[in-house]
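K.L.:
I'd like to ask some things about the structure below.
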Amino acid sequence: MMGPGETIGAVATLVVFGSIMYPFARAVSRKIEADTARRTVLPDGTAERIARMETALESVALEVERISEGQRFVTKLLAEQRDGRQLPRQLPPGGAS
Numbered sequence: 015m016m017g018p019g020e021t022i023g024a025v026a027t028l029v030v031f032g033s034i035m036y037p038f039a040r041a042v043s044r045k046i047e048a049d050t051a052r053r054t055v056l057p058d059g060t061a062e063r064i065a066r067m068e069t070a071l072e073s074v075a076l077e078v079e080r081i082s083e084g085q086r087f088v089t090k091l092l093a094e095q096r097d098g099r100q101l102p103r104q105l106p107p108g109g110a111s
């Protein structure tokens with residue numbers, strides 16, 4: 015067991031250590047927050063560039079969908095031809111004449 019003098023000494027040591035370390039820990043955490051905030055700022059023109067990339071990506075997605083519709087149509091035609099059925103004289107959805 016610790017005596018009253020040792021307990022007071024341990025508590026005093028913790029209080030002194032805490033009072034020294036608390037400002038240090040706050041300063042370090044503020045620096046980390048400032049560095050994080052500084053890194054999340056986008057360079058000039060980045061928002062416009064991202065908007066252009068989104069537009070281009072949407073165009074590519076539409077073209078891929080058109081290609082897949084054509085592929086489904088051709089696959090259907092080939093399957094019907096293999097079965098010996100009459101080939102329809104219609105265009106795929108959204109197809110050109």
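Here my numbering is used: the first residue of the sequence shown is 15, the next is one more, and so on. Note that CB positions come from ideal geometry on N, CA and C, so glycine has one too.
1) Would DSSP call Met16 helix, strand or coil?
2) On the DSSP letters alone, give me the boundaries of the alpha helix (DSSP H) that Leu91 sits inside.
3) On the three-state DSSP scale, how would you describe Thr54?
4) How long is the line joining the alpha carbons of Thr27 and Ala51, rounded to whole angstroms?
P.N.:
From the atom records:
1) The sequence position of residue 16 within the sequence shown is 2, counting from 1. Met16: coil per DSSP, three-state reduction.
2) On the sequence shown, residue 91 is found 77 positions in, with the first residue counted as 1. Taken as a continuous stretch (DSSP letters only), the alpha helix (DSSP H) holding Leu91 covers Thr60 to Asp97.
3) Translated into positions along the sequence shown, residue 54 becomes position 40. Coil, per DSSP.
4) Within the sequence shown, numbered from 1, the residue matching residue 27 stands at position 13. Within the sequence shown, numbered from 1, the residue matching residue 51 stands at position 37. Each residue's alpha carbon lies about 36 angstroms from the other.
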